[in-house]
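These notes are about the structure you will find just below.
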Amino acid sequence: MDLRINPKNEALIEQAGEIARDVLARYADECDQEQRFPRESFDALIREGFTRLTLPESYGGRALWSDPVCYTMVFHELSKGCTNTAMTLHMHSSILYFLLTLSDEEQKHRFAEAAQNGAIFGSHAGEAASSPQWNRTITTRARKDGEEYVINGQKYFCSMAGEADHYVLWCLLEGVEELQAGLRWAVLDKNLAGITIPSRWDAFAMRGTASHALAYEDVRVPARNIVGTGEGILQPDFVPRFGLGYAAVYLGAGAASLDWIVDYALKRKLLPDNVPIASYPAIQRQIGEMKIAYETALIMIQKAAWVLETQGAEKAIPFINEAKYTASEAAASMTEKALKIAGGPGLLNDKPLQRFHRDARAALVMPPSTEKCLQMASSFVLSQNEAKSIF
Amino acid sequence: MDLRINPKNEALIEQAGEIARDVLARYADECDQEQRFPRESFDALIREGFTRLTLPESYGGRALWSDPVCYTMVFHELSKGCTNTAMTLHMHSSILYFLLTLSDEEQKHRFAEAAQNGAIFGSHAGEAASSPQWNRTITTRARKDGEEYVINGQKYFCSMAGEADHYVLWCLLEGVEELQAGLRWAVLDKNLAGITIPSRWDAFAMRGTASHALAYEDVRVPARNIVGTGEGILQPDFVPRFGLGYAAVYLGAGAASLDWIVDYALKRKLLPDNVPIASYPAIQRQIGEMKIAYETALIMIQKAAWVLETQGAEKAIPFINEAKYTASEAAASMTEKALKIAGGPGLLNDKPLQRFHRDARAALVMPPSTEKCLQMASSFVLSQNEAKSIF
Amino acid sequence: MDFRINPENEDLLERAKIYAKEILAPRAQKIDEEGIFPRENFDDLAREGFTSLTLPKELGGRDLYEDTATYSMVLYELSKGCTNTAMLFHMHSSISHVITYLGTDAQKRRYGEIIRGGKIIASYASENTSSLHGVWRMETKAIRDGDVYRINGRKYFCSMAGEADYYVLWVQLEEEENLTKSLGLLIAPSDNPGFKIDQEWNSFAMRGTISHSMIYDDVKIPVEDLVGRGGDPIRPDVLPKFGFGYSAVYLGAGGGAFDWVVDYAQTRKLMPDNVPIATYPAIQRQIGEMKIALEGAILMLQRAGWMINAHGADKAYGAINEAKYVCAEASAFITEKALKVAGGPGLFRHNPLQRFHREARAGLIMPPNTEKCLELTAKTVLEGSANVLGS
Amino acid sequence: MDFRINPENEDLLERAKIYAKEILAPRAQKIDEEGIFPRENFDDLAREGFTSLTLPKELGGRDLYEDTATYSMVLYELSKGCTNTAMLFHMHSSISHVITYLGTDAQKRRYGEIIRGGKIIASYASENTSSLHGVWRMETKAIRDGDVYRINGRKYFCSMAGEADYYVLWVQLEEEENLTKSLGLLIAPSDNPGFKIDQEWNSFAMRGTISHSMIYDDVKIPVEDLVGRGGDPIRPDVLPKFGFGYSAVYLGAGGGAFDWVVDYAQTRKLMPDNVPIATYPAIQRQIGEMKIALEGAILMLQRAGWMINAHGADKAYGAINEAKYVCAEASAFITEKALKVAGGPGLFRHNPLQRFHREARAGLIMPPNTEKCLELTAKTVLEGSANVLGS
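Line by line, the protein sequences give chains A, B, C and D. Counted the way my numbering counts, the first sequence spans residues 515 to 905. Counted the way my numbering counts, the second sequence spans residues 515 to 905. Counted the way my numbering counts, the third sequence spans residues 70 to 460. Counted the way my numbering counts, the fourth sequence spans residues 70 to 460.
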């Protein structure tokens, strides 16, 4: 047993922490309040190479998904500064990794080069909501027409809609009903004709992710931008990697609330006692609960990442489910406790606590949801072979 | 709105509290440890008229089920002294009430007179466990043979087995499958030939209820001891009244733990502080939680009892379910908190706290169970017509 | 015992339900988002006579503080439509009651007329924050100068600052430290030139209460506008009336969320099941938990309300505290669970769930907060009584 | 990062599982019910070499305290078979380690031989109870008298009193108040005539630890049986080793309950459904919650164990506290939930669930208890470090 982080990437985690504090945190409240994409933060991340984290080293990247523990810790650190930035960068980084996995050589080179030059990829998989006993349904269709494909469909929860340079869509070849055979990814320039935003992301949590809906009406895309052959398109590690990153990002909201409230508790004094409220036992008790919830969630995430690295996605899925559950519940309970400790001032919008609290609510419902996690954890125990799909 | 207890029966509630403190509490630990029926307590209750609570006034009774609020409060008070005594007396009192409701005139007189003279009736309905989506299954059969009926079957969780003077069984007339038509109650002298105890009640909670299994093999009972005609035998208020009493009795374990721990906290001093632990904020916090949980459960029980009295059983069922849930959870959380507050000494068998804690565990599983209550509460909201049966 | 709402006031409850649905709910989102004062709502409620409900009957009111249980249910129902309006309505109504309760005949006539005329009177009291264990303090002093009081000081969380027609000032009338003799209540029209609004209220929750800070810069108020005598506002028969309604208002957020999510569960369908999610057992279980929590909180609220009238506000103090705790916790619990049940759509800003969720957070924090309630409750158990001022 | 159990010691874990199932579990009920010392278990474990595991390799052990993560998992696995045996095994093992860690070469040889010979050494330390915030105190004094120490005093909760072959005495060596210089560890054969057992251990939980009180009535111990120097036992590199194993043992109760209830859920069928209750979603959800709680606690345990070895026991103090909290709470949570899932049969004494449930309650209470853990954890956050003695 050795719980040290891979020393090779330790500096990266530290750097992520610094950028989070120095840059991301500076813009986080503003972007949240104005409900806009954290462009300044993203630009800084492009400059510092953080949009290339999952690129191969030959393209100036860090191939970070080969070290999932460090991957999660980097995004966890970023998230402490700005949950929205961390979440959208995670979407970009993961989809980029998957894209290169599925691409042919020409595509791989072209996409990697674009990313190397700072292009941002958004991943758009969401369609109408599926029940917990889920079979993925894809209604977006791609019809071949000469050297082009014509895309029609609608997607929901499209993070970085209007902000990413390229949209990566999941679509089904027209005339093919079987997912395994007909599923493709289309990589679309965001400026292509026929792409519109029919409804905007207007939510009380994760407000800066620009997760609008996107409609595609007869959008024509060159055939070379259609990725995948049906073979391996439903790679078992795609969805788990997304989920693992969510856990790390959402826990960031909890961690930020702990940092904030500790600082607050050490400074805040009430009359007539005139000692920091950190000296009150009732406050200490709650900070103790927050800290322990945090540590438990963190080690659950690290273990899941480690299993993913060493034993593969299929083995890791139950661990990722459990980590997502634990991290979400920890983030939710930590931010709630922090609000209680802070009292009235914690409600004010000029302090970030209420933002951490709101963002943590997304953790409870974003896939895999609490209910889904419980169901999967249970089915893993009750029969060892049912735990495959996690979203 | 008027939340005062009916003044007519107030003195009775007070008297119940006195007997609980003076008599029941004295024998409670011993009966629990030796796993025996609280005979001394029961004898005292017979002397004081508490086995006649639900008899009509013409037989020296108090007709207490006509005032369900007082009924629950009396049993709640008794339970603070001894959960086992309160529970078994509740079984006796309720079954006696139901028996007289269903009996013909001759039977009514005979049973009431027996009860007036101190006879104890045990109610034995339990058969093999049913699923939450329950339909009652009765496998015990009564075959007519001249002026007698011959009973065969097996019952579980028969409180006061070997202790009650009469066993009241639920049985089905042979040859009739339809419950509504064939269900009868048989009132058996406990000494009848053919009655055996195949397995004894050996549990870690409610150890003094003598809830053994009872086997009936060709037990011959005179026809005049068969009660009911099929008409009204499944009275809608029988099961709810049982459930309401359970809630009151189980909450007694919680109340007793609160009383005990308050006394303890005011006296217990730790070195080197040398002040009562009641002065520590962390202790106060937990006592505050216990008290509030208690008050909430109590008012839920009282409301359910009031609805039963004023609007009838059918209307009251959802309230009784909710009261049972709240009371069980309150008893469980209160006794758990009390254990935490007491520390090591609370574990010792020479103190009653561990008994309260164990007895409260039965509250969580005894019908209607937590799960059943939640399901019923939910179905009441989701469709107003599904909330009829509660066990 | 009688749990029915006083028949004499039942009409008010029915009307509150209708106003909540037809008048308040449609405007609630705008009030929340823009953080504006619900002036229109007040005007409509005034037109319906609701803003005079707590005036004595001889002044054209319904004397609703004589039936605090119904009063609290009216607040609860209004709050399900718009938490902000209900909160302000309560502040106006409680001060209206206190003015006529403590005032001279001349004051009763004068303010009775003003209130019947639809004017709004605001009540606030916050000074520099006091510690959990601290006693009340009042730094704002009123110095007698001939026929007027001259007042200088600073107040925080002043609901309706800049919007109410009249302000209520809580001040210390003399230099004497003992507030039970010196705390005074003054009323002044809000256009008094000495009132300065200092800081913008921009909060995560209860945004429509526009609770700015205020500075009293040599405010001059005629001595005849002192209501009652020094110390009267914190008399044990007066003070609890200010606080009690908060519990009802905050519980309204939970009630609103509950109604919304039940409706949602009955209509929301997921692919490919295509049945309402209300049919999933995991959803049902959670609706059951919410329902029971809501019922318990409502009862605790009604119980405290009833005690205020039946035994006097001073005797009801313990019950009021317990109700505050249960209502705030239930509302927080229900809104959080509702978010989980709703999934992604619950986060959308056009759905009221996220608003209820935020409002409920203020309930946890507003005085007496969770910790304070527990401490006070523990004291009622450990010492047999709780000081009204909570010191 | 590497979460694998050290391959060198994996065999121990496998063997512990087997012993738990084949040796310990079948005897567990009798030990619990009769409150007897598990002598047979110790003899069997000694024969398998397990009672020497923590001795250094050169003394015939496996030096298992050099791999505390595995040590804790061994305890956890044994505890699933018999919590009492695991607890006593841990006490014996930790003191065995400390003797050889602090002892002279002569002591190492001598006690190494004794331990390898299957003798049991007991460790206990309780004096009069200290308050949550109190510092350690030691009233039992050892007065040097020529070649012996003469010891008088009284100890509480002395596990294995009357049964261990050797006792370990925690005493104050001089009159000096500073325990970091004067606290000494002495060993004596249990047949020393000065040992008097004072009170019978009759507890609700951990009945097989027979933790009587003891009186040291002028116990004479040769000076060469002092282990280490004054203050050594509470050195920050020594003291945490005594406490850490408790967490693993108590978690074992949760683990045992979990295994039992999963098996139960897969076999238990209710009428008339006739399918295992494991197919009910409400049951699945709860099994999911239990599973995740268990996984989190195991990880926190392993993390603390790893930190003891990787960074030193003094640096691991925070992690040890956090593990204690999480393990105790998880075990309490799991056993309570398991009771609910099991229903009535879970209460039966012949099922081990009620035993696990009771043992888990001791976990909540044994030091550091929940409140203490939270306080210490808060201090690590608020002050950056926690004092080893917890003052």
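Don't be surprised by glycine CBs; every beta carbon is placed ideally from N, CA and C. Quantities reported herein were computed from a predicted structural model and do not represent experimental measurements.
Restricting to runs no shorter than 4 residues, where is the alpha helix (DSSP H) found entirely within the region 114-162 of chain D?
Uninterrupted alpha helix (DSSP H) stretches at least 4 residues long and entirely within the region 114-162 of chain D occur at 137-150, given in chain order.
Is the CB of residue 533 of chain A under 7 angstroms away from at least one CB in chain C?
Taking Cβ atoms only, chain C never reaches closer than 7 angstroms to residue 533 of chain A, which makes this a no.
Please determine, among C/450, C/297, C/383, C/386, the residue with the shortest C-alpha to C-alpha distance to residue 803 of chain B.
Between residue 803 of chain B and the set C/450, C/297, C/383, C/386, the nearest pair of CA atoms involves C/450.
Could you tell me whether the Cβ atoms of residue 425 of chain D and residue 322 of chain D are closer together than 7 angstroms?
Yes, they are a contact pair.
Can you tell me which of the three DSSP states residue 239 of chain C falls into?
Strand at residue 239 of chain C.
When you compare the CB positions of residue 835 of chain B and residue 866 of chain B, do they come within less than 7 angstroms of one another, or not?
No. Outside cutoff.
Taking Cβ to Cβ, would you say residue 765 of chain B is nearer than 7 angstroms to residue 811 of chain B?
Yes, Cβ-Cβ distance for residue 765 of chain B and residue 811 of chain B is below 7 angstroms.
Hey, residue 53 of chain C and residue 267 of chain C are a contact pair by Cβ (cut 8 angstroms); roughly how many whole angstroms apart?
The displayed coordinates of chain C run from 70 to 460. Any statement about residue 53 of chain C would go beyond what the structure contains.
Check the C-beta distance from residue 670 of chain B over to residue 727 of chain B and give it rounded, since I have them as a contact under 8 angstroms.
Indeed, because the Cβ distance is near 5 angstroms, the residues count as touching under 8 angstroms.
Between D/349, D/313, D/274, D/220, which lies nearest to residue 265 of chain D when the distance is taken from Cα to Cα?
Closest option to residue 265 of chain D, judged by alpha-carbon separation, among D/349, D/313, D/274, D/220: D/220.
Proximity to residue 270 of chain C [Cα-Cα], best of C/367, C/106, C/142:
If we check each option's Cα against that of residue 270 of chain C, C/106 comes out closest.
Using three-state DSSP, classify residue 210 of chain D as helix, strand or coil.
DSSP places residue 210 of chain D in strand when its eight states are reduced to three.
Please state the DSSP three-state secondary structure of residue 540 of chain B.
Three-state DSSP puts residue 540 of chain B in a helix.
Take residue 594 of chain B and list the residues in its own chain whose beta-carbon comes closer than 6 angstroms to its own, dropping the five residues that flank it on each side.
Within the same chain, 534, 766, 769, 770 come within 6 angstroms of residue 594 of chain B by CB-CB distance, once the 5 residues on both sides are set aside.
Would DSSP call residue 715 of chain A helix, strand or coil?
Coil, per DSSP.
Does residue 789 of chain B pass the burial test, meaning 16 or more other C-beta atoms within 10 Å, or should it be called exposed?
Of the other Cβ atoms in all chains shown, fewer than 16 fall within 10 Å of the Cβ of residue 789 of chain B; this residue is therefore exposed.
In this structure, does DSSP put residue 576 of chain A in helix, strand or coil?
Three-state DSSP puts residue 576 of chain A in coil, outside helix and strand.
Given 8 angstroms, three or more beta-carbon pairs between the region 632-641 of chain B and the region 662-682 of chain B
The region 632-641 of chain B vs the region 662-682 of chain B: in contact.
Comparing alpha-carbon positions, which option in D/167, D/218, D/383, D/213 lies nearest residue 124 of chain D?
It is D/167.
Using only alpha-carbon positions, find the residue among D/97, D/215, D/119, D/254 that is nearest to residue 84 of chain D.
Measuring C-alpha to C-alpha distances from residue 84 of chain D to each of D/97, D/215, D/119, D/254 identifies D/119 as the nearest.
Closest to residue 116 of chain D by CA distance: which of D/171, D/332, D/391, D/186 is it?
Comparing Cα positions, the closest option is D/186.
Sequence-distant residues of its chain with Cβ nearer than 7 angstroms to residue 203 of chain C (five each side left out)
Its pLDDT being 48, under 50, residue 203 of chain C is placed unreliably in this model, and the value from its coordinates should be taken loosely. Cβ-Cβ distances below 7 angstroms link residue 203 of chain C to nothing in the same chain once the five nearest sequence neighbours on each side are left out.
Does DSSP put residue 230 of chain C in a helix, a strand or coil?
Judged by DSSP in its simplified three-state form, residue 230 of chain C adopts coil rather than helix or strand.
State the DSSP-derived secondary structure class of residue 75 of chain D, mapped to helix, strand or coil.
Coil at residue 75 of chain D, not helix or strand.
Closer than 8 angstroms is the cut-off here; do at least three beta carbon pairs connect the region 352-363 of chain C with the region 70-88 of chain C?
Cβ pair count under 8 angstroms is below three, so no.
Please decide whether residue 711 of chain B counts as near chain C, where near means a Cβ-Cβ distance under 7 angstroms.
So no, residue 711 of chain B is outside the interface.
Report all residues from its chain with a CB closer than 7 angstroms to the CB of residue 604 of chain A; omit the five preceding and five following residues, and keep chain order.
Within its own chain, the residues whose Cβ lies closer than 7 angstroms to the Cβ of residue 604 of chain A, once the five positions on either side in sequence are excluded, are 589, 759, 763, listed in chain order.
Which residues in chain B have a C-beta closer than 9 angstroms to the C-beta of residue 799 of chain A? List them in chain order.
Correct list: 795, 796, 799.
Rounded to the nearest angstrom, what separates residue 711 of chain B and residue 880 of chain B at their Cα positions?
When only Cα atoms are considered, residue 711 of chain B and residue 880 of chain B end up about 21 angstroms apart.
Please list the segments of the alpha helix (DSSP H) lying wholly inside the region 741-798 of chain A, counting only runs of 4 or more residues, in order along the chain.
752-781, all fully within the region 741-798 of chain A.
Residue 302 of chain C versus residue 254 of chain C: straight-line alpha-carbon distance, rounded:
Approximately 7 angstroms, taken between the alpha carbons.
Only counting the same chain, and skipping five residues up and downstream in sequence, which positions put a Cβ closer than 8 angstroms to that of residue 783 of chain A?
Around residue 783 of chain A: 789, 790, 791.
Grouping DSSP H, G and I as helix and E and B as strand, with all else coil, what is residue 823 of chain B?
Reduced to three states, the DSSP call for residue 823 of chain B is helix.
According to DSSP, simplified to helix, strand and coil, what is residue 417 of chain D?
It is a strand residue.
Per DSSP, which residues does residue 430 of chain D bridge with? Please list them.
Answer by DSSP bridge pairing: none, since residue 430 of chain D is not bridged.
For a contact meaning CB atoms closer than 9 angstroms, what does residue 394 of chain D contact in chain G?
Looking for chain G here will not work: the only protein chains present are A, B, C and D.
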